[in-house]
Amino acid sequence: MKLVAPLSAFGRADLAVAGGKGANLGELVRSGFPVPDGFVVTTHAYELGAQGRGAHAELPADLRQAITDAYAALGGGPVAVRSSATAEDLPGAAFAGQQDTYLNVAGEPALLDAVRRCWGSLWTERAVAYRARLGIDDADVRIAVVVQRMVEAEVAGVLFTANPVTGDRTQLVIDASSGLGEAVVSGLVTPDHYVLDAHGHLTFTPGRREVVVRSAPGGGVIRENGSGEPGGRLPDAVVAELGRLGRQVAAHFGRPQDIEWAYAGGRLHLLQARPMTALPPPPVGRLNPFRRRLATVLMEYLPERPYPIDMSTWVPHGPAGLMRNVLGSFGVRRAFDDFLQEEDGVVYRLVPPSPKPAPKVLIAPFLVLAKAMRYDPARWTEDRRFRDYLAKVEELRSRDLSAMPWGELLRVPRQALALVAPVADLRVDYLPGTGLALLRLLVAVRLLGRRKLFADLLHGARTRTTDTNQALERLAEVAGRTGALESEPPPAGSTKTVETEPPAEFARALAAFLDEYGHRETASPILVTPPTWGDAPEVVLGLVKVLSGSTPEQDRPARGDALERLLAHPWLRSEGRRALVTRWVEAARAGVAFREDSHFFFTMPQPVLRRALLELGRRLRDAGVLATPEDVFHLRMEELEEIRDVAALSGAHAERLRELVARRALKREELSGVRLIDPAAIFPPSVTGDALLTGAPAGGGTATGPVKVITKPAEFGRLAAGDVLVCPYTNPSWTPLFQHAAAVVVDTGGAASHAAIVAREYGIPAVMGTGSGTSTLKDGQLVTVHGDTGTVTGAS
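For the sequence shown, the numbering used here gives the first residue as 205, with consecutive numbering after it.
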């Protein structure tokens, strides 16, 4: 059991002994990189000498001797003493600044004291809180200490082997300043900033050198006031050498690196190397119009980062898989293949797909025409496949998952996924009729010079979305009449609301509503992990709160009948022409209803799938494998299916699953503030006059009101009548809000998106695809939404 050993004795496999920093530095030393000589006081020494969590415990004599012997072999003199925790190498756990570093430590007593202080830094309030936030068990963490010969840097700083702002992996970014790198790392200075691209092109922005950190005589460091003026830049040859070393280190570790470096006596030294964390995905580059259209849809569908269980269940088999199958049936390949890329088992990037035509696309027009003539969207619910599908869904919903043995329960997710295939076939058969009906009507209104009536003509069809909204209105009426949402006043001296049972009439109405519509998604139709309305009835209660106490029909603007206005055209005076155009309008409406309703029914197996996964998670929690049932979302379906019997889960297998969950949870935490794709790539920013925002015009007219930013369904109850609803995305769950909003502004989506269609139905202005509405606009800000031009301006 080694207590102290040279850096060269360690590599990446020695994390448990040398900690993350020590293992990485040892790897660099062994690979010939210019790393200052040093040694590691191992985690075995920590276990022997820390004696609890204190920083002042007396080190055992043999450990003191081992440290001082290694110090003497190093040549004595000033050294840098750095903490090296075992958790530092975990994805998502950078631990930057969490444990202590001591520079210019001189002499044996000072060195031994610095080692003890490094150990103690593992238990500071800051470090303990950081581990708690990441879900890292204190009992699983140990700490080593790296001791290296001190480099008296003339210039030092940090090198990122990818651009930390844009995610561009072809660029290296260097921050530098005079003296020790502590000034740059601690943010004490505005550093010189270098950006080096793959072709050697260099961009330089001078810093100000407000502070210079230098070694103090006798040990420690001092801070000197800098000039506050730009200093001399690094020679181009040094920058080029830094770039070469950085690329080699990144290639060696197989991922972008955050490297601390120092330049002294004409030589470069690498002081630390760790994986870059929270790095944005690489830019997707310029998108053609078709890829941008696909990206618009996918961004609206992905308000949350998918979990591994999403990627192995509902993403490939749900609506995204359905769209892939539909397009594939008409000769378009790779329309929704590999659009989500993973790193360390976690989705980190959305790449808009590039569909490719197959030979079958040549006969696609004939296939479309044949299916349009055979399959009438107005009659799709009479199709035997649809009736069989409903019966199978109902049978699956009726099963008692909690009573199933493990093996039977494990088969339920695949059974739920298998149910959706017939609906995909129905879409393949009936969408051609929908498309041709819409195209026929669009051509007709253009020829008649009534193009602006097209969107209004599509309204009036009964859909499951309109049924849902009307049912919500009735539920809100019951809530208002029975006082279901009124809270009992708190007792004297208390600030807490007293929870009361809802009135029986409202409870029955809510249960009936959830039985009919509870499978509707709250966040995304292509993910299984977000709760449905049935899983999160508080979302429904939020909508009821918004709707109760008003008459929705009175809130909507008066609108003339679009069909009557069209039929008043001079060319449509004959009864035959009027009847023909009326049939065309009804066919187009039936097509719109098919698109809406097939989605409604298509998602019915999703709640069963989610409940089965959570039941599997509950049993794994009870077996001590998972901390919570929801941790099952960090596993893939294939990994669950490898568990033949949860009761007989072996120690090694259970530990492997726990480690997978921990690593993926940490990686997800690391990426929590990172977007899957830069919105500017899909919605290029453009400024028009005095506009605060620009986007796609999606609902005509102009409206003024105070902004209300709603980022998730749990916030629905915050919307008040007359507010301008500003949100990141929408889906059918959001549509009841539209009847109270003065206007709608959405980060994602386009003129054909769900939000745009519903906004036009309610006659309110809408601006889609702003990219940054939720971050640019603030609650209470008075704005005017121009639905015809796609702009949002400040209200005077």
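Yeah, the Cβ is synthetic: ideal placement off N, Cα and C, and Gly gets one too.
The Cβ atoms of residue 239 and residue 473 sit closer than 8 Å to each other. With a cut-off of 8 Å on Cβ pairs, the segment 594 to 614 is not in contact with the segment 482 to 500, counting fewer than three such pairs. Straight-line measurement puts the Cα of residue 249 at about 46 Å from the Cα of residue 882. A straight-line Cα-Cα distance of about 53 Å links residue 374 and residue 674. Residue 644 and residue 741 have their alpha carbons spaced roughly 42 Å apart. Between residue 555 and residue 540, the C-beta gap is not smaller than 8 Å, which leaves the two residues out of contact. Under a 10 Å Cβ-count criterion, residue 308 is classified as buried, with 16 or more other Cβ atoms of the shown protein chains found around its own Cβ. Per DSSP, the continuous alpha helix (DSSP H) segment holding residue 686 begins and ends at 668 to 686. Within the DSSP secondary-structure output, residue 765 pairs in no beta bridge. Note on the segment 215 to 292: whole alpha helix (DSSP H) runs with a minimum of 4 residues are 219 to 234, 247 to 253, 265 to 277, in chain order. Here the alpha carbons of residue 800 and residue 622 stand approximately 21 Å from one another. Under the three-state reduction of DSSP output, residue 364 falls in the strand class. The C-beta distance from residue 479 to residue 509 rounds to 19 Å, too long to meet the 8 Å contact threshold. Partner residues in the beta bridge of residue 396, as assigned by DSSP, are 380. Rounded to the nearest angstrom, the Cβ distance from residue 871 to residue 345 is 18 Å, too far for a contact under 8 Å. In this structure, DSSP gives residue 665 a state outside helix and strand, which the three-state scheme calls coil.
The DSSP assignment places 493 to 505, 512 to 515 as complete runs of the alpha helix (DSSP H) inside the segment 469 to 520, in order along the chain (cut-off: 4 residues).
Within the same chain, and ignoring the five residues on either side of residue 638 in sequence, the residues whose Cβ sits closer than 7 Å to its Cβ are 581, 795, 798, 799. Listed as beta-bridge partners of residue 652 by DSSP are no residues whatsoever. With a minimum length of 4 residues, the unbroken runs of alpha helix (DSSP H) contained wholly in the segment 582 to 610 fall at 588 to 601.
For residue 881, there is no enclosing alpha helix (DSSP H), since its DSSP letter is neither H nor E.
When only Cα atoms are considered, residue 557 and residue 815 end up about 31 Å apart. Burial state of residue 387 is buried, judged by a 10 Å Cβ sphere holding 16 or more other Cβ atoms. Here the C-alpha atom of residue 972 lies approximately 36 Å from the C-alpha atom of residue 365. Contact between residue 503 and residue 886 holds: their C-beta atoms lie close to 6 Å from each other, under 8 Å. The C-alpha of residue 962 lies about 16 Å from the C-alpha of residue 676. Only residues of its own chain outside the window of five on either side were considered, and among them 383, 384, 425, 426, 428 have a CB closer than 7 Å to the CB of residue 418, listed in chain order.
By the Cβ-count criterion, residue 343 is exposed, with fewer than 16 other Cβ atoms from all chains shown falling within 10 Å of its own Cβ.
In this structure, residue 974 sits away from residue 837, with a CB-CB distance that is not shorter than 8 Å. Taking C-beta atoms as the reference points, residue 767 and residue 786 count as a pair closer than 8 Å. Only residues of its own chain outside the window of five on either side were considered, and among them 727, 728, 932, 933 have a CB closer than 7 Å to the CB of residue 507, listed in chain order. Exclusion of the five residues before and after residue 847 leaves 853 as the residues of its chain whose Cβ lies within less than 7 Å of its Cβ.
If you look at residue 307, you'll find it in the beta strand (DSSP E) that goes 305 to 309. Counted as a single uninterrupted DSSP element, the alpha helix (DSSP H) harbouring residue 389 occupies residues 386 to 389. Between the beta-carbon of residue 476 and that of residue 225 there is about 6 Å, and that keeps the pair under the 8 Å contact cut. Taken through DSSP and simplified to helix, strand or coil, residue 773 comes out as coil.
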